[in-house]
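Step one of this worksheet: look at the structure below.
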Amino acid sequence: MSEHEYVPKSKIGKWFNDRLPLLSLASHLTDYPTPKNLNYWWTFGGILTFCLLTQIITGVVLAMHYVAHADLAFASVEHIMRDVNYGWLIRYIHSNGASMFFLAVYIHIFRALFYGSYKSPREVIWIIGLAIYLLMMAAAFMGYVLPWGQMSFWGATVITNLFSAIPLVGDSITTWLWGAYSVDNPTLNRFFSLHYLIPFLILGLVVLHIWALHIPGNNNPVGIDIKKPSKDTVPFHPYITIKDTFALLLFMIIFAGFVFFAPNVLGHSDNYIQANPMVTPAHIVPEWYLLPFYAILRSVPDKLGGVILMFGAIFILFVLPWLDTSKVRSAVFRPIYRQFFWILVVDVLMLGYMGAMPAEGIYLVLARVGTIYYFLHFIVILPVVGYLEKTEPVPLSISEPVLGGTADYSMAKKDNEKI
Amino acid sequence: MKKFKFLFYIFFLLNIIYPLKSAEQIDPIKVDWSFKGLLGKFDRSSLQRGFQVYKEVCASCHSMQYLSYRNLGEPGGPEFSEEEVKAIASTFEVTDGPNDQGEMFTRPGRPSDKFVNPYPNVKAAAAANGGAYPPDMSVLVKARKGGANYIYSVLVGYEDPPAGVTLDEGVYYNKYMIGNKIKMPNNLSDGLVDYSDGTEATVDQMAKDVTTFLSWAAEPELESRHKTGVKVILYLTLLSILVFLSMKRIWSRVNSKI
């Protein structure tokens, strides 16, 4: 549990560890002191690692059978579904895996928002996390293009066309992205190449994300620093590993439910029609996890303005640690912020719903209200609430009761005896 | 807090249940298919009858290019016997080649062949059908919102156009089709095919059988997917109970809620 220098017991272990301290690293990861009060919202880091590895492994196998060519891609996916042994299983895990990945990452992000995990000294962890999220969206978008169905093709057309909104060079950039004068075979080829590359970039960033986490250590539900490591923390293994495993298994049950019993419910039926540049689908909708941003994009009447707001909605999160002025991390002790947090959750869900609806009438009005509120939350509400809010008393330490609150003395005493 | 959480769940459910509900279309008829649900299986004899309808009616215009004749004998499908599959395949003329002389030639089909297309290409198919290409039926059920219910509804949804609706030559009125206009004529009529198992070939029966066949064609893995799924979820549930008990035990060493 302590951070003392690790020395391998065997001679050969010591010889190797002096040259490459992998054993020291393993020892650090095993003993890493973790706050003992972490709740289940903290298990999603491990779940996300599982999601990334699942996507990489199934993706590598799919790439062995997939053909990245405009004339053959759709047929090769059907070949995987019908002729490859358990090809349907691998493909359904991969396609539903993307949705599960995003489900987990949204929970992970909102957990950070609730408990103030982005605040000092964890800003860099937060920023690396956002970079991972951006890469995930790029990977997911390009992956959705690969089956070369109608939604693949028209989704790619809509999203790549966004770049044409850039003044002066927009059209040139779009043509350059396509490698052609419309979304075509060269586009599919490069998307496949990048779709294979990005997960490994994400993997690299995940290592940095965890490294940056291990410098200050985990935040925790009460949001205060570790005072006495011996009392406030448990070693990562076996305490956190077993808990993460349990949470992962529950997550896998939901995952399996989708894969085996509703594998296409999260997708769009039009994507089982082969891409046809001559026929535009009635409604072009992205995958569910991109819908809030799609709603923001469409809520602005001006194309360039829509693109700026859509990207702004993500980039504003990068400065979040400096927009939030409150000294208290956890929303548990922030009665006002807590309310606004849940309003934001509802707002984002509402935006997602509007993104799936046609951009007209009441849907458009609500999407606009939702968009304005989204930015209002970060630019106005967060800084102002941080100044004005009267926070509730924060406990002295993780293992001790709230100062001046109703002290659960028996708990604290029992705690002392045990450790 | 409670209110917000409640709203949260409502939105989540809405998002899942009604992702894209457009007002212009009436809902397809709900059929209690045997392949619905967690343990759903195809009705073997319905699949075989459905294949007969497909072969005698649909296949003259619609391709089914991702299926092979051997699929008809595989487990979870119509499960024709090996001889039957060979006999079915051999009734089709397959273009093969080139041979040693560099010539293309035709030969009787084999179980390993893909389903033979009725037209040489998409343009030819469209030209022969008034400009509308009869869609490939391999994944048709997955490619339509509403799935099997929608396909069945369209097959039985032909009606005389209501007053005020004028139709062009070669366009038909169908109350379940999006936009209500369809270029496929109503091809089903009572007694059109002669079922060998003695089932009466009503329009409704044929529509159900062929929709069952198309559902299998779109998801030939459905039965093994359902069976594997039940095992996987049972396994994961048991394992998570064991892990939960281990976790309780390990965490009992420290005073903290898990």
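Chains as they are written, first to last, in our numbering: chain A, 1 to 419; chain B, 1001 to 1258.
Virtual Cβ for every residue (Gly too), placed ideally from N, Cα, C.
These numbers come from a predicted model, not from an experiment.
Does any CB atom of chain B fall closer than 8 Å to the CB of residue i?
i      : result
A/W42  : no
A/R82  : yes
A/F261 : yes
A/E400 : no
A/G257 : yes
A/K327 : no
A/E78  : yes
A/V206 : no
A/V222 : no
Return the chain-ordered list of same chain residues with a C-beta closer than 6 Å to the C-beta of residue i, the five sequence neighbours on each side being excluded.
i      : result
A/V307 : L162 and A165
A/A98  : A140
A/V61  : I90
Looking at chain A, is there any beta carbon in it that lies within less than 8 Å of the beta carbon of residue i?
i       : result
B/Q1089 : Looking at the sequence provided, one finds Ala at residue 1089 of chain B rather than Gln. Not one chain A Cβ lies under 8 Å of B/A1089.
B/T1212 : no
B/K1282 : The question about residue 1282 of chain B has no answer here: the residues shown for chain B are numbered 1001 through 1258.
B/L1155 : no
B/K1114 : no
B/S1063 : no
B/S1138 : yes
B/I1029 : no
B/L1038 : yes
For residue i, collect the residues of the same chain with a Cβ closer than 8 Å to its Cβ; drop the 5 residues on either side in sequence, then sort them by chain order.
i       : result
A/R298  : G306, G355, A359, L364 and A367
A/P383  : L323, D324 and T325
B/M1104 : T1095, D1096, G1097 and P1098
B/L1214 : G1050, Y1054, M1137, L1140, V1141, A1148 and I1151
A/L205  : I128, A131, I132 and L135
A/K14   : V7 and P8
In whole angstroms, what separates the C-alpha of residue i from that of residue j?
i       : j       : result
B/D1190 : B/T1211 : 16 Å
B/K1021 : A/M357  : Any reading at B/K1021 must be qualified, since the residue scores a pLDDT of 47, below 50, and its modelled position is unreliable; the value itself is stated next. C-alpha separation (whole angstroms): 8 Å.
A/F141  : A/V124  : 26 Å
A/G46   : B/M1137 : 42 Å
B/I1182 : A/A68   : 34 Å
A/P292  : A/S10   : 55 Å
A/N37   : A/S117  : 15 Å
A/L266  : A/E287  : 8 Å
B/P1019 : A/H283  : Residue placement at B/P1019 is flagged as unreliable, the pLDDT there being 47, under the threshold of 50; a coordinate-derived value is accordingly withheld.
A/F16   : A/L48   : 32 Å
B/P1108 : B/Q1101 : 20 Å
A/A407  : B/V1254 : Any reading at A/A407 needs caution, since the residue's pLDDT is 42, under 50, leaving its predicted position unreliable; the model's value is listed next. Going from the Cα of A/A407 to the Cα of B/V1254 covers about 20 Å.
B/T1228 : A/F260  : 8 Å
A/L170  : A/L304  : One detail in the question is off: residue 170 of chain A reads as Gly in this sequence, not Leu. Each residue's alpha carbon lies about 10 Å from the other.
B/S1063 : B/K1145 : 20 Å
A/V105  : A/F50   : 12 Å
A/D225  : A/N219  : 8 Å
A/L22   : A/V207  : 14 Å
Go through its chain and collect everything with a Cβ distance to residue i's Cβ below 7 Å, but skip five positions before and after it.
i       : result
A/E389  : S326, R334, I336 and Y337
A/Y272  : G149
A/W88   : M81
A/L177  : T160 and F163
B/E1079 : R1044 and G1073
A/A63   : Y196
Taking Cβ-Cβ distances shorter than 8 Å, what residues in chain B pair up with residue i?
i      : result
A/G46  : The contacting residues do not exist; A/G46 stays about 13 Å from chain B at best.
A/P238 : I1250
A/V234 : V1254 and S1256
Counting only Cβ pairs nearer than 8 Å, list the residues of chain A close to residue i.
i       : result
B/L1239 : L249
B/I1233 : I253, A256, G257 and F260
Can you pull the chain B neighbours of residue i, defined as C-beta to C-beta under 7 Å?
i      : result
A/T245 : V1243
A/M252 : L1236
A/N264 : K1142
A/S269 : K1142, A1143, R1144 and K1145
A/K36  : V1254 and S1256
A/Y272 : V1139, K1142 and A1143
Which residues in chain B have a C-beta closer than 9 Å to the C-beta of residue i? List them in chain order.
i      : result
A/W88  : E1219, P1220, E1221, S1224 and R1225
A/Y373 : In chain order: nothing, as chain B lies at least about 14 Å away.
A/A75  : Q1065 and Y1066
Along chain A, in chain order, which residues have C-beta atoms closer than 7 Å to that of residue i?
i       : result
B/T1228 : F260
B/M1247 : I242, K243 and F246
Starting from residue i, find everything on chain A with Cβ-Cβ shorter than 9 Å and list it in chain order.
i       : result
B/M1177 : Correct list: empty, because the minimum Cβ distance to chain A is about 13 Å.
Report the residue ranges of all alpha helix (DSSP H) runs contained in full by the segment 302–361 of chain A; include only those spanning at least 4 residues, in chain order. 303–315, 320–323 and 335–356
I'd like the ranges of any alpha helix (DSSP H) spanning at least 4 consecutive residues and lying wholly in the segment 119–161 of chain A. 123–145 and 150–161
Whole runs of the beta strand (DSSP E) within the segment 1147–1190 of chain B, excluding any shorter than 3 residues: none
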